[in-house]
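Asks: So the protein lines, in turn, are chains A and B. 2 is the number of the first residue of the first sequence in my numbering; add one for each residue after it. 70 is the number of the first residue of the second sequence in my numbering; add one for each residue after it. Handing you a structure now.
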Amino acid sequence: MNSLWTVMLATLVKDIRLEWRSKDALNSMLFFSLLVVVIFVFSFDPLAEESRHIVGAWCGWRSCLRL
Amino acid sequence: MTDAATSIITVRDVIKQFGRFAALRGVTAEFDAGRFHAILGDNGAGKTTLLRALAGLANPTRGEIEIFGKSPKEACRDLGYMAHPSLLYDEMSGMENLRYFARLYGIAGDARCEQAIRAVGLDPKLTRGVGQYSQGMRQRMSLARAILHDPRVLLLDEPFSNVDVHSAREMVGLLGGMRDAGKTIFVVTHQALLLEGVADEFVWMEAGQIVDRTASAQSHAPGGVQ
């Protein structure tokens with residue numbers, strides 16, 4: 002019987018090819034990501050104390066992981 | 070009617086219920102190897118359900134089915150199933166579609182795909198997507214997918230629906246050739262006369278039961294009992 006990896010690879014190649022040609026999911030994905038960015042812009046005030054904490058925490062993690 | 074020595078498919082008292090509705094009501098039959106069986110009957114007679122049960126896609130509520138002495142799921146490598154919808158990817162060409170299914174079957178290379186496409190009278194070099202094929206071409210490509218892994222038994226659900234008479238006759242000729250090559254073929258159809266002279270047996274179903282098995286489409290007496 003066929004190996005799981007061969008089936009997975011064949012399905013992945015097929016899905017990428019279909020998506021490249023139809024661009025159905027890509028369009029909705031781009032629209033969704035734009036929507037998320039807009040929502041976050043309205044949700045977080047960049048001058049607020051909480052936002053500075055979030056940025057600070059992220060910078061801390063970045064230095065820990067040496068990114 | 071059937072010779073037990075050569076029968077490869079045995080259906081014993083199969084009942085298939087969908088809720089309170091019984092689509093198959095105690096079907097018992099044996100089918101021989103290398104023969105062309107046409108399954109006929111009105112809408113709701115249980116033809117597609119019987120075919121799906123033979124393909125292992127519908128588990129009988131009661132009773133059992135044996136194909137080459139195994140359950141349909143165990144014998145799936147020997148079965149080629151063509152469903153009513155074509156189940157092909159419209160954005161991909163015929164060759165790309167078959168190449169994908171070939172990989173799922175573990176068939177390497179393109180030789181077998183090209184052979185299957187040529188066997189149904191299409192050109193493997195066609196580059197346009199299956200979505201732009203005519204209905205007849207789609208049905209042929211669906212048939213090519215069913216024969217891709219060289220199964221011994223072909224189960225075809227209404228392969229001639231929405232196909233013009235000329236293309237349907239060509240498909241019947243193709244199926245006759247496959248039967249002559251030793252394959253056992255089951256065709257569910259409403260176009261009995263199209264298979265006259267090609268099919269070896271006409272299996273008539275009514276209300277979830279096989280009511281008659283005849284050698285000719287015209288020799289069926291409505292209301293006859295198996």
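Glycine included, C-beta positions come from ideal geometry on N, C-alpha and C.
1) For B:Ile84, which residues does DSSP report across the bridge?
2) Taking just the CA atoms, how far does B:Met206 sit from B:Ser162?
3) Let me confirm a value: A:Phe45 is counted as buried when at least 16 other C-beta atoms fall within 10 Å, else exposed. Which label applies?
4) Does the segment 210-227 of chain B come into contact with the segment 144-154 of chain B, if we say contact requires no fewer than three beta-carbon pairs (one atom in each stretch) closer than 8 Å?
5) B:Leu224 by DSSP, collapsed to three states: which one?
6) Show which residues of chain A have a CB atom less than 9 Å away from the CB atom of B:Met161.
7) Output the distance between the C-alpha atoms of A:Val30 and A:Trp6, rounded to the nearest integer angstrom.
8) Measuring alpha carbon to alpha carbon, tell me which of B:Asn231, B:Ile134, B:Thr196 ends up nearest B:Leu93.
9) Looking at A:Ala26 and A:Glu20, is the spacing between their C-beta atoms short of 8 Å?
10) Does DSSP put A:Thr7 in a helix, a strand or coil?
11) For chain B, find out if any of its Cβ atoms is closer than 8 Å to the Cβ of A:Val8; answer yes or no.
12) Looking only at its own chain, which residues have a Cβ that is under 6 Å from the Cβ of B:His153, when we skip the five neighbours before and after it?
13) Interface residues of chain A around B:Arg214 at Cβ under 7 Å?
14) Cβ of B:Val80 within 8 Å of Cβ of B:Ala102?
15) How long is the line joining the alpha carbons of A:Val37 and A:Phe43, rounded to whole angstroms?
16) May I ask you to report which of helix, strand or coil DSSP gives B:Ala107?
17) By a C-beta neighbour count over all protein chains shown, 10 Å radius and 16 as the cutoff for buried, is A:Glu50 buried or exposed?
18) Where do the N-terminal and C-terminal ends of the alpha helix (DSSP H) with B:Val234 fall, by residue?
19) By alpha-carbon positions, which one of B:Glu183, B:Gly242, B:Arg131, B:Ala284 ends up nearest to B:Ile84?
20) With the cut-off set at 8 Å, would you say B:Ala107 and B:Ala284 are in Cβ contact?
21) Given that a residue counts as buried once 16 or more other Cβ atoms are within 10 Å of its Cβ, and exposed if not, what is B:Arg168?
22) Short of 8 Å Cβ to Cβ, which residues in the segment 155-186 of chain B face chain A?
23) Check the C-beta distance from B:Ala250 over to B:Leu217 and give it rounded, since I have them as a contact under 8 Å.
24) Have a look at B:Leu190 and B:Gly95 and give me their C-alpha separation to the nearest angstrom.
25) Give the range of the beta strand (DSSP E) segment to which B:Val149 is assigned.
26) Can you tell me whether DSSP reads A:Lys15 as helix, strand or coil?
27) Tell me, please, whether the CB atom of A:Ala11 is closer than 8 Å to any CB atom in chain B?
28) Taking buried to mean at least 16 other C-beta atoms within 10 Å of its own C-beta, is B:Cys182 buried or exposed?
29) By Cβ distance below 7 Å, which residues in the same chain neighbour B:Leu195 in space, the five residues on each side in sequence not counted?
Replies: The short version:
1) B:Arg94, B:Arg131
2) 12 Å
3) exposed
4) yes
5) strand
6) Lys15, Arg18, Leu19, Arg22
7) Checking the sequence, you will find Met at residue 30 of chain A rather than Val. Whole-angstrom Cα-Cα distance: 27 Å.
8) B:Ile134
9) yes
10) helix
11) yes
12) Asp226, Glu227
13) None at all; the shortest Cβ gap to chain A is about 14 Å.
14) no
15) 10 Å
16) strand
17) exposed
18) 234-249
19) B:Arg131
20) no
21) buried
22) Tyr158, Glu160, Met161, Glu165, Tyr169, Arg172, Leu173, Tyr174, Gly175
23) In fact, because the Cβ distance is near 15 Å, the residues do not count as touching under 8 Å.
24) Checking the sequence, you will find Gly at residue 190 of chain B rather than Leu. Cα to Cα, the separation comes out at about 39 Å.
25) Note that residue 149 of chain B corresponds to Gly in the displayed sequence, not to Val. First-last of the beta strand (DSSP E) with B:Gly149: 148-151.
26) helix
27) yes
28) buried
29) Ser162, Gly163
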